[in-house]
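Below is one structure, written out as structure tokens; comments come after it.
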Amino acid sequence: MTHAAQVDIGAVPADSTPDGSRLPLSRTMIGVGFLLIVLSYMVNAMDRQVFPPLLPNIRAEYGFSLEQGGLLATNFTLGMALAGLPAGYLLDRFRRRTVLLVSIVIYSLGTMATPLATGFADMTLYRVVSGFGEGMQSAAIFAAMGAFFVHRRGLAFGVIGVGYSVGVFIAPLIGVGLMSTHGTWHAPFYLFGTAGLLIATASLFLVRAGLTEHSVERVASTKTYEYMPASAYNRNTIALTVHSVVSGVAIYGFLGLYPTYLISSLHYSAEQAALAMSFLGFGGMTAVLGGWLGDRVNQRNLLVLSLLAVSVISTCIYETRAAVGPQCVFAFLMGAFGLGFVYPNTNSAMQRAVRPSQIGRASGLFVSSYYGPAAFSGLLFAALVETFGWSRAGLLQVTVLPLAGVAALAFVRPARFNNAIR
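Structure below.
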């Protein structure tokens with residue numbers, strides 16, 4: 001095995017705080033705190049993914065065009081992108097726990113405000129505000145857990161990814177169920193927003209600084225990083241940023257309009273579309289496997305294979321016009337590779353591409369690059385659909401575009417990652 005493919009897989013969590021003092025923490029409190037963090041990320045996912053399956057009803061109520069609906073389905077990622085770099089700056093200078101708690105409150109209030117919109121402009125604002133909080137939370141979670149589980153970063157990110165995927169899995173089912181029960185799409189937004197505020201309250205008391213404020217540097221004090229670039233913006237992070245942009249546009253364009261495609265083109269019912277959407281989340285639960293593999297194999301090659309898989313699965317989804325059963329299988333596979341493999345490994349690779357003291361900036365860079373262009377991915381996809389139809393649009397955005405990410409990954413050098421064995 002070459003140095004480029006070797007990784008350090010020691011399983012020792014970081015055990016120091018930025019000010020150098022130890023904060024003793026029992027295994028129980030670590031488990032409780034980590035569980036709350038995973039649950040908060042699950043609610044984050046529910047807030048994001050409840051919108052697409054309800055979009056046909058929202059469009060009908062407000063009279064939005066397909067392009068407007070596509071933009072609303074994904075423009076929350078603009079807020080995430082706007083939060084990314086500022087959050088990275090704050091995380092390198094202030095308590096991650098504080099940033100985490102504030103972010104949950106922001107996105108929960110944004111979610112609860114969405115049904116109050118009177119038109120396209122203020123709904124856009126509420127979606128962007130919600131995304132801003134979600135972006136802050138993503139950066140805070142991955143910076144904090146990346147520091148605590150320094151040698152098991154990929155696996156930890158995979159477990160967090162499972163929480164996200166559970167949210168993706170249950171949000172469409174709960175959202176459509178509540179809409180059917182109450183006769184309005186408003187109810188799930190109030191429910192999920194309230195759940196976020198409750199988790200923020202619980203986290204205030206149960207997520208301890210000993211879990212969130214660790215520093216990687218003392219754990220890695222016996223290792224030198226002179227072989228790595230001094231700047232956080234280096235060849236590896238630039239190449240990974242290009243890959244991140246491409247992945248975000250392809251995957252979020254797909255996620256944002258997938259239920260609309262099933263309902264308008266394949267004539268699925270809302271319940272059938274919600275079931276297929278849930279299988280995306282079910283597939284994303286493979287994030288534990290994806291993160292575990294990312295700790296043990298050449299992460300660049302794993303990302304290349306995952307993007308190629310996304311391209312193949314996209315072809316099956318848009319070209320076969322499959323019935324519900326096969327479509328659920330395709331959705332599961334798209335979730336597995338797009339959410340379970342690409343997302344956690346891109347995130348952890350970005351942190352491994354910088355020196356330990358720079359992981360806050362790396363986390364912010366990932367959030368901005370992945371979610372920023374993705375804000376317009378639904379609009380782009382909708383415009384392609386209007387021009388070329390669903391099949392050709394899917395081919396262009398979700399099949400061909402990931403190949404550009406493969407090309408960018410060719411410039412990544414894992415031998416210069418901070419977990420490479422020297």
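Going by my numbering, 365 is the number at position 365 of the sequence shown; the sequence numbering is gapless.
Here a beta-carbon is modelled for each residue, glycine too, at the ideal position from N, C-alpha and C.
Do you know how far the Cα of residue j is from the Cα of residue i?
{"i": "P402", "j": "L25", "result": "42 angstroms"}
{"i": "F381", "j": "F254", "result": "8 angstroms"}
{"i": "R22", "j": "A156", "result": "Note that R22 has pLDDT 47, beneath the 50 cutoff, so the model's placement of it is unreliable and the number below is only indicative. If you take the alpha carbons of R22 and A156, they lie about 22 angstroms apart."}
{"i": "S265", "j": "P344", "result": "32 angstroms"}
{"i": "R463", "j": "P259", "result": "No statement about residue 463 is possible, as the shown extent of the chain runs from 1 to 422 and does not include it."}
{"i": "G256", "j": "E226", "result": "43 angstroms"}
{"i": "G196", "j": "Y164", "result": "14 angstroms"}
{"i": "L307", "j": "R361", "result": "25 angstroms"}
{"i": "G146", "j": "S368", "result": "17 angstroms"}
{"i": "F132", "j": "A81", "result": "7 angstroms"}
{"i": "I199", "j": "R96", "result": "16 angstroms"}
{"i": "F282", "j": "A276", "result": "10 angstroms"}
{"i": "Y252", "j": "P229", "result": "31 angstroms"}
{"i": "T124", "j": "E213", "result": "34 angstroms"}
{"i": "V412", "j": "S348", "result": "14 angstroms"}
{"i": "I174", "j": "L293", "result": "32 angstroms"}
{"i": "M46", "j": "N236", "result": "32 angstroms"}
{"i": "L35", "j": "V288", "result": "15 angstroms"}
{"i": "V168", "j": "F189", "result": "14 angstroms"}
{"i": "A407", "j": "T241", "result": "12 angstroms"}
{"i": "T118", "j": "R59", "result": "13 angstroms"}
{"i": "N298", "j": "M179", "result": "45 angstroms"}
{"i": "Y268", "j": "I30", "result": "44 angstroms"}
{"i": "N44", "j": "R321", "result": "31 angstroms"}
{"i": "F94", "j": "A144", "result": "12 angstroms"}
{"i": "G248", "j": "G177", "result": "29 angstroms"}
{"i": "P53", "j": "G154", "result": "30 angstroms"}
{"i": "P373", "j": "P326", "result": "31 angstroms"}
{"i": "Y370", "j": "W390", "result": "24 angstroms"}
{"i": "T346", "j": "V166", "result": "20 angstroms"}
{"i": "Y41", "j": "L101", "result": "12 angstroms"}
{"i": "T28", "j": "A83", "result": "32 angstroms"}
{"i": "D295", "j": "I106", "result": "33 angstroms"}
{"i": "V354", "j": "T181", "result": "50 angstroms"}
{"i": "W185", "j": "R48", "result": "14 angstroms"}
I'd like the span of the alpha helix (DSSP H) that includes residue i, first residue to last.
{"i": "A274", "result": "270-284"}
{"i": "H182", "result": "153-182"}
{"i": "E213", "result": "Segment: none, E213 is in no alpha helix (DSSP H) and carries neither H nor E."}
{"i": "S203", "result": "187-206"}
{"i": "R392", "result": "390-394"}
{"i": "G146", "result": "120-148"}
{"i": "M112", "result": "96-113"}
{"i": "L71", "result": "66-74"}
{"i": "E61", "result": "51-62"}
{"i": "R235", "result": "235-264"}
{"i": "T320", "result": "299-320"}
{"i": "V329", "result": "324-334"}
{"i": "L409", "result": "401-409"}
{"i": "S348", "result": "343-352"}
{"i": "L289", "result": "287-294"}
{"i": "S231", "result": "Run containing S231: none; DSSP gives neither H nor E here."}
{"i": "V367", "result": "359-371"}
Once the 5 residues before and after residue i are set aside, which same chain residues still bring their CB inside 7 angstroms of it?
{"i": "V99", "result": "A87, L90, L91, M136, A140"}
{"i": "A311", "result": "It should be pointed out that residue 311 corresponds to Ser in this sequence rather than to Ala. Hits under 7 angstroms: T399, P402, L403."}
{"i": "L409", "result": "A239, H243, R300, L303, V304"}
{"i": "Q68", "result": "F120"}
{"i": "L379", "result": "E67, G70, L71"}
{"i": "A375", "result": "T74, N75, T77, L78, A81"}
{"i": "Y318", "result": "W390, S391, G394, L395"}
For residue i, which residues from the same chain have a beta carbon less than 6 angstroms from its beta carbon, with the 5 sequence-adjacent residues on both sides left out?
{"i": "V385", "result": "A393"}
{"i": "Q358", "result": "A232"}
{"i": "A336", "result": "G283, T286"}
{"i": "P56", "result": "I263"}
{"i": "V324", "result": "Q272"}
If I measure Cβ to Cβ from residue i and keep anything under 8 angstroms in the same chain, skipping five residues before and after, which residues do I get?
{"i": "V38", "result": "V159, I160, V162, G163"}
{"i": "F388", "result": "L396"}
{"i": "V50", "result": "A171, P172, I174, G175, P188, F189, F192"}
Contact criterion: CB-CB distance below 8 angstroms. Does residue i meet it with respect to chain C?
{"i": "L293", "result": "Judged by its chain identifiers, the structure shown contains no chain C, having just a single protein chain."}
Does the segment 199-209 come close enough to the segment 65-81 to have 3 or more Cβ pairs within less than 8 angstroms?
no
With contact counted as at least three CB pairs below 8 angstroms, one residue from each stretch, are the segment 110-118 and the segment 182-193 in contact?
yes
How do the segment 330-341 and the segment 54-66 stand: do at least 3 beta-carbon pairs fall below 8 angstroms, yes or no?
no
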